[in-house]
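A quick write-up on the structure given underneath.
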Ligand code: N01
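Numbering (the UniProt record's numbering), first residue to last: 3 to 506.
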């Protein structure tokens, strides 16, 4: 457990605000805009990066693009007629997020380059004490909007620290490194890797793709929008809304196959198998990249150029596990040593064990990670944890999705949290803390709903599951069900303390 550096606290006068939002990706930025629209002024957004965007700011690897169609992957209050294609690229999404931040005039509420090191609940004063790389703050309310995919996970491979070539994580792409003509290893075959591999394969001398588990791939119906469509998006009221609604409905149907009745995934599997058959001509390679688990168990990936890239003469798929990294090579379980100039680590993120939560201390002095050590991550409606008063999560436990737009979920959560803050103000509450029984009942139902899902029974391990095998990341229902659940802040599920003595 971290020890508080009290000298630091006493030396630096803390700045107090009513609400601190941590992080400015889609969630934190959306919350800042909503608070402004609700007439709140006394809040700050503490962001460790130098600009808004979160994971879309950080993931600049070649080929980075979204796998949710553009018009659904936008805020409902800031539709964007300027999307140039059906699935947007990272630069376009980052540009969109930056434009929204400017348009809604919330940039001056941000402190950039501000790394939150610790947040500790002070029971006496009923406020959060926050230590950051840019000084100390106190706040009545904290909104954690750090996201699930923000802390890169590096593989613990023997000798990796001794590697003398270039090595970096997909979410920390080193643009100074020119991979042209180099021998490159890519470790991992998740959503990031399958975009990186085709983007760089043509320019490298040789590429080894280290695959632990073969993913399921579906076609990517990506295309640039026609001029006439762009005009319609811009000038025909309702066209964008219609497009959003269509995409939303089509995506939402997948929930039936993923979470309700996995047998309905069969047609998708047939499409994926046909794709594999058609795009991978070499039977040996096809066998290597044929998945061995039920489709949907891990995130389904969409790509039209991954299999063709694997089929190139200068690309090999290595399925033997990595035992060691040496100064200039990688060794696998079969004893083969492959020389390499650069390693790209596309091994995902700390999702269920985020180090961020080691620095947040609740009213019993335990951190969030300590609180969750037995049960796994859990929060009432994804937003509130017992022992952490006046704290709310955006993109909290079990609010992730495997099939559609996180922006839709984020807006539901923002609504809940904004209504909570409005309720605290209206009722003049000193603290709100979710009751343990509310949390337990909510979570028991959630786990019951998840029990029969493909994520739990599909025969795979994924970042959706924690070390105990619990799914603490995904929402198991339709997203409109979650929206209904978060329409109003249900203060009755919470213990409250009033600012007026004698009332609760
Ligand atoms: O990470 P991942 P990601 N040795 O965790 C492998 C979103 N996203 O960055 O499957 C060897 O999915 C691991 O193998 P296995 C999206 O939500 C979206 O790719 O665990 N291999 C796996 O193949 C996505 O789900 C978009 O056996 C090791 C890979 O590394 C999430 O981000 C684009 C290993 C990690 O895959 C994360 O995707 C990109 C080891 N020690 C990301 N450790 C789009 O919208 C791990 N692996 C398109």
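We put the CB at the ideal spot given by N, CA and C, even for glycine.
Legend entry - Close beta carbons around residue 170, own chain, < 6 angstroms, minus the five adjacent residues each side: Looking up residue 170 in the chain shown gives position 168. The residues are 176.
Inset, instruction - Please confirm whether any heavy atom of the ligand N01 lies closer than 7 angstroms to the CB of residue 349. - result: On the chain shown, residue 349 is found 347 positions in, with the first residue counted as 1. Answer for residue 349: yes, Cβ within range of the ligand N01.
Legend entry - Three-state secondary structure assigned by DSSP to residue 80: Taking the first residue of the chain shown as 1, we reach residue 80 at position 78. Correct three-state label for residue 80: coil.
Legend entry - residue 180 - DSSP class collapsed to helix/strand/coil: Here residue 180 corresponds to residue number 178 of the chain shown, with the count starting at 1. If DSSP states are grouped into helix, strand and coil, residue 180 belongs with coil.
Legend entry - the stretch 125-137 touching the stretch 282-293, judged by at least three CB pairs closer than 8 angstroms: no
Legend entry - Run of the alpha helix (DSSP H) containing residue 58, from where it starts to where it stops: To locate residue 58, count along the chain shown from 1; it is residue 56. Note, residue 58: alpha helix (DSSP H), 57-60.
Legend entry - beta-carbon residue 301 near the ligand N01 non-hydrogen atom, thresh 7 angstroms: Counted from its first residue, the chain shown places residue 301 at position 299. Yes, the ligand N01 has a heavy atom inside 7 angstroms of this Cβ.
Legend entry - Inter-residue spacing [alpha-carbon to alpha-carbon] between residue 325 and residue 210: Stepping through the chain shown from its first residue, residue 325 is reached at position 323. Stepping through the chain shown from its first residue, residue 210 is reached at position 208. One C-alpha to the other measures close to 15 angstroms.
Inset, instruction - Below 8 angstroms CB to CB, which residues in the same chain sit around residue 105 once its five sequence neighbours on both sides are set aside? - result: Counting from one through the chain shown, the residue named residue 105 turns up at place 103. Cβ neighbours of residue 105 beyond the five flanking positions: 80.
Legend entry - Proximity of residue 391 and residue 434 at Cβ, strictly below 8 angstroms: If you number the chain shown from 1, residue 391 lands on position 389. If you number the chain shown from 1, residue 434 lands on position 432. Yes; because the gap between Cβ atoms is below 8 angstroms, this pair is in contact.
Inset, instruction - Could you give the DSSP three-state label for residue 265: helix, strand or coil? - result: Within the chain shown, numbered from 1, the residue matching residue 265 stands at position 263. If DSSP states are grouped into helix, strand and coil, residue 265 belongs with the helices.
Inset, instruction - Would you kindly report the start and end of the unbroken alpha helix (DSSP H) that includes residue 442? - result: Here residue 442 corresponds to residue number 440 of the chain shown, with the count starting at 1. Taken as a continuous stretch (DSSP letters only), the alpha helix (DSSP H) holding residue 442 covers 438-453.
Inset, instruction - Tell me, to the nearest whole angstrom, how far the beta carbon of residue 57 is from that of residue 181; I am working on the premise that it is less than 8 angstroms. - result: In the chain shown, the residue the question calls residue 57 occupies position 55. In the chain shown, the residue the question calls residue 181 occupies position 179. About 23 angstroms; that fails the 8 angstroms criterion.
Legend entry - Three-state secondary structure assigned by DSSP to residue 87: Locating residue 87 in the chain shown gives position 85, counting from the first residue. Correct three-state label for residue 87: strand.
Legend entry - Short Cβ contact (8 angstroms threshold) for residue 43 with residue 141: The count along the chain shown starts at 1 and reaches residue 43 at position 41. The count along the chain shown starts at 1 and reaches residue 141 at position 139. Not closer than 8 angstroms, so no.
Legend entry - As assigned by DSSP and simplified to three states, the class of residue 393: In the chain shown, counting from the first residue as 1, residue 393 sits at position 391. Three-state DSSP puts residue 393 in a strand.
Inset, instruction - Could you tell me whether the stretch 344-357 touches the stretch 183-194, where touching means 3 or more Cβ pairs closer than 8 angstroms? - result: yes
Legend entry - Range of the contiguous alpha helix (DSSP H) that encloses residue 464: For the purposes of this step, residue 464 is taken as residue 462 along the chain shown, with counting starting at 1. First-last for residue 464: undefined, no H or E at that position.
Legend entry - Three-state secondary structure (DSSP) of residue 102: The sequence position of residue 102 within the chain shown is 100, counting from 1. The answer is helix: DSSP assigns residue 102 an H, G or I state.
Legend entry - Three-state class that DSSP yields for residue 386 in the structure shown: To locate residue 386, count along the chain shown from 1; it is residue 384. The answer is strand: DSSP assigns residue 386 an E or B state.
Legend entry - Simplified DSSP state of residue 48, which is helix, strand or coil: Position 46 of the chain shown, counting from 1, holds the residue named residue 48. Reduced to three states, the DSSP call for residue 48 is strand.
Inset, instruction - Under 8 angstroms by Cβ, that's how I've got residue 73 and residue 356 pegged, so tell me the actual separation to the nearest angstrom. - result: Translated into the one-based positions of the chain shown, residue 73 becomes position 71. Translated into the one-based positions of the chain shown, residue 356 becomes position 354. At roughly 31 angstroms, the Cβ-Cβ gap does not stay under 8 angstroms, so residue 73 and residue 356 are not in contact.
Inset, instruction - Keeping to the same chain, check which residues put their C-beta closer than 6 angstroms to that of residue 315; ignore five residues upstream and five downstream. - result: Taking the first residue of the chain shown as position 1, residue 315 is located at position 313. Counting only Cβ-Cβ distances below 6 angstroms, and skipping sequence neighbours, we find nothing.
Legend entry - Extent of the continuous beta strand (DSSP E) to which residue 320 belongs: By one-based count along the chain shown, residue 320 stands at place 318. Looking at the DSSP string, the run of the beta strand (DSSP E) that includes residue 320 is 317-320.
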